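Trainee:
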Amino acid sequence: MLILGIESSCDETGIALYSTDAGCGLLAHALHSQILMHQAYGGVVPELASRDHIRRVVPLLRKVLADSGRSLHELDAIAYTQGPGLAGALLVGAAFAEGLAAALGVPTVPVHHLEGHLLSPLLSSRPPSFPFIALLVSGGHSQLMRVTGVGQYQLLGETLDDAAGEAFDKTAKLLGLPYPGGSVLAELAEHGRPDAVKLPRPMLHSGDLDFSFSGLKTAVLTKVREIGSPDAQQRADIARGFQDAIVEVLVSKSMRAIKESGLKQLVVAGGVGANRELRRQLDARAVKTGISVFYPELEFCTDNGAMIALAGALRFQSGASCKPAGAFAVRPRWPLADLTG
Ligand code: KG4
Ligand code: ZN
Numbered sequence: 321m322l323i324l325g326i327e328s329s330c331d332e333t334g335i336a337l338y339s340t341d342a343g344c345g346l347l348a349h350a351l352h353s354q355i356l357m358h359q360a361y362g363g364v365v366p367e368l369a370s371r372d373h374i375r376r377v378v379p380l381l382r383k384v385l386a387d388s389g390r391s392l393h394e395l396d397a398i399a400y401t402q403g404p405g406l407a408g409a410l411l412v413g414a415a416f417a418e419g420l421a422a423a424l425g426v427p428t429v430p431v432h433h434l435e436g437h438l439l440s441p442l443l444s445s446r447p448p449s450f451p452f453i454a455l456l457v458s459g460g461h462s463q464l465m466r467v468t469g470v471g472q473y474q475l476l477g478e479t480l481d482d483a484a485g486e487a488f489d490k491t492a493k494l495l496g497l498p499y500p501g502g503s504v505l506a507e508l509a510e511h512g513r514p515d516a517v518k519l520p521r522p523m524l525h526s527g528d529l530d531f532s533f534s535g536l537k538t539a540v541l542t543k544v545r546e547i548g549s550p551d552a553q554q555r556a557d558i559a560r561g562f563q564d565a566i567v568e569v570l571v572s573k574s575m576r577a578i579k580e581s582g583l584k585q586l587v588v589a590g591g592v593g594a595n596r597e598l599r600r601q602l603d604a605r606a607v608k609t610g611i612s613v614f615y616p617e618l619e620f621c622t623d624n625g626a627m628i629a630l631a632g633a634l635r636f637q638s639g640a641s642c643k644p645a646g647a648f649a650v651r652p653r654w655p656l657a658d659l660t661g
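Heads up: the sequence shown is residues 321 to 661, going by our numbering.
1. According to DSSP, is Thr542 part of a helix, a strand, or is it coil?
2. Tell whether a beta-carbon distance below 8 Å holds between Ala509 and Ala559.
3. Based on Cα-Cα distance, which residue from Ile355, Ser581 and Leu346 lies nearest to Phe452?
4. Checking 8 Å against the spacing of the C-beta atoms, do Ala397 and Ile323 come in under that value?
5. Leaving out five residues before and five after Thr340 in sequence, what residues of the same chain have Cβ atoms less than 7 Å from its Cβ?
6. So if I measure from each beta-carbon to every heavy atom of the ligand KG4 and keep distances below 5 Å, which residues remain?
7. Kindly identify the DSSP beta-bridge partner or partners of Thr479.
8. Out of Pro404, Leu337, Gly408 and Ala409, state which residue places its alpha-carbon closest to the alpha-carbon of His393.
9. Return yes when the C-beta of His437 is under 7 Å from any heavy atom of the ligand ZN, and no when it is not.
10. To the nearest angstrom, how far is it from the Cα of Gly363 to the Cα of Gly535?
11. Where in the segment 457–514 do unbroken runs of the beta strand (DSSP E), each at least 3 residues long, occur, reported from the N-terminal end onward?
12. Going by beta carbon distance, what residues of the same chain come within less than 7 Å of Glu667, once the five residues before and after it are set aside?
13. Can you list, in chain order, the residues of its chain with a C-beta nearer than 7 Å to that of Arg376? Leave out the 5 residues immediately preceding and following it.
14. Would you check if the distance between the CB atom of Ser391 and the CB atom of Ala589 is smaller than 8 Å?
15. Drop a sphere of 10 angstroms on the beta-carbon of Pro448, count the other beta-carbons inside from all chains shown, and report buried for 16 or more, exposed for fewer.
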């Protein structure tokens with residue numbers, strides 16, 4: 321079966337083709353990031369995002385078809401991100417997918433964006449097997465889930481305020497770094513000195529699997545005000561202090577989830593999963609405790625069409641969520657725990 325995947329929930333347009341035939345898998349994928357367009361405004365401007373998705377979707381589709389040597393008439397289904405995300409941006413992908421599917425006479429598979437992230441490590445050459453614990457850390461979400469199978473997700477803990485990626489981005493802004501600051505801040509942190517700036521570890525000992533990151537951002541603001549105008553080394557030290565704090569909490573709660581569940585596999589997904597320090601620390605704990613940690617390929621950590629094509633293919637195969645092309649609704653707010661197999 322050949323599935324087209326379309327991602328347009330925020331500021332990346334992603335298109336991919338996935339085949340469930342033996343020996344196939346991901347055939348081609350293409351991505352356009354709107355980062356440069358939104359940078360001038362210091363954040364995503366929803367209306368600009370929607371309009372740009374409209375411009376990009378057809379050229380990206382043509383590229384994916386050309387790269388894979390496949391034609392539209394070979395498609396068995398079209399998967400697209402139904403939510404959560406920006407309403408207008410979601411509508412572009414949904415309307416395009418539903419219209420194309422109606423024209424081709426194939427069904428559609430509306431996909432939950434976070435399910436795409438959760439399943440993205442299955443795209444790698446060394447995939448995990450069910451069940452596993454997933455640490456989902458993106459710009460909008462920080463959650464620990466027990467994943468038993470496709471559509472079987474039990475929420476174990478989540479952030480009570482800012483998501484991990486959001487905390488990275490807001491802190492980067494405080495340090496005067498360009499949008500989206502997460503990866504730039506992580507880069508700067510590599511030059512910071514360990515323990516030069518010690519910041520709190522929110523909810524480290526809360527006894528549960530929840531997180532809270534907004535206080536950490538405030539602690540950085542207080543530090544910056546204390547110093548006045550930090551020089552390059554001081555900014556790197558603050559970035560390091562911030563990253564060390566957030567990584568320690570994420571690692572500690574993930575290991576707690578592993579211990580409590582008795583499972584031996586941890587999957588890290590979402591944009592913050594690209595963070596090198598987080599990977600270093602988790603890998604070190606994995607060696608110590610004998611568990612395995614799985615990450616998506618770096619290019620599939622942040623938003624992309626491949627993870628939507630994959631989630632769509634797995635759902636299409638199981639018969640779940642598949643519907644005739646035509647009427648549709650997007651779901652800008654959509655808790656993952658509401659999703660069923
Ligand atoms: O999963 P994603 O692409 O989008 C959402 O679904 O939210 O994640 C984007 C988030 C942003 O907040 C970005 O700053 C963060 O992931 N991010 C990072 C790194 N690369 C991206 N955060 C920390 N370290 C990184 N290397
Ligand atoms: Zn995402």
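Where is the CB? At the ideal position from N, CA and C, for every residue including glycine.
Remember, predicted model here, so these are calculated numbers, not experimental data.
Mentor: Quick look at the numbers:
1. Sequence index remark: in the sequence shown, residue 542 carries index 222 (1-based). DSSP places Thr542 in helix when its eight states are reduced to three.
2. Counting from 1 along the sequence shown, the entry for residue 509 is found at position 189. Counting from 1 along the sequence shown, the entry for residue 559 is found at position 239. Yes, Cβ-Cβ distance for Ala509 and Ala559 is below 8 Å.
3. Start at 1 with the first residue of the sequence shown, and residue 452 comes out as number 132. The option with the nearest alpha carbon to Phe452 is Ser581.
4. As a working note, residue 397 is residue 77 in the sequence shown. As a working note, residue 323 is residue 3 in the sequence shown. Yes. Within cutoff.
5. Here residue 340 refers to the residue found at position 20 of the sequence shown. Excluding positions up to five away in sequence, the list reads Met321, Ala633 and Gln637.
6. Ser458, Gly459, Gly460, Gly485, Phe488, Asp489, Pro500, Gly502, Ser503, Ala506, Gly590, Gly591, Val592, Ala594, Asn595, Thr622 and Asp623
7. Position 159 of the sequence shown holds residue 479. DSSP lists Phe531 as partners of Thr479.
8. Here residue 393 is taken as the residue at index 73 of the sequence shown, counted from 1. The shortest C-alpha separation from His393 is found at Leu337.
9. The residue you call residue 437 lines up with position 117 of the sequence shown. Yes, the beta carbon of His437 sits closer than 7 Å to at least one heavy atom of the ligand ZN.
10. For the purposes of this step, residue 363 is identified with residue 43 of the sequence shown, where counting begins at 1. For the purposes of this step, residue 535 is identified with residue 215 of the sequence shown, where counting begins at 1. Cα to Cα, the separation comes out at about 21 Å.
11. 462–469 and 472–478
12. With the chain covering only 321 through 661, there is no way to say anything about residue 667.
13. For this step, residue 376 is matched to residue 56 along the sequence shown. Around Arg376: Thr333 and His352.
14. Taking the sequence shown and counting its residues from 1, the one referred to as residue 391 is at position 71. Taking the sequence shown and counting its residues from 1, the one referred to as residue 589 is at position 269. No, they are not a contact pair.
15. By one-based count along the sequence shown, residue 448 stands at place 128. With 16 or more other Cβ atoms within 10 Å, it is buried.
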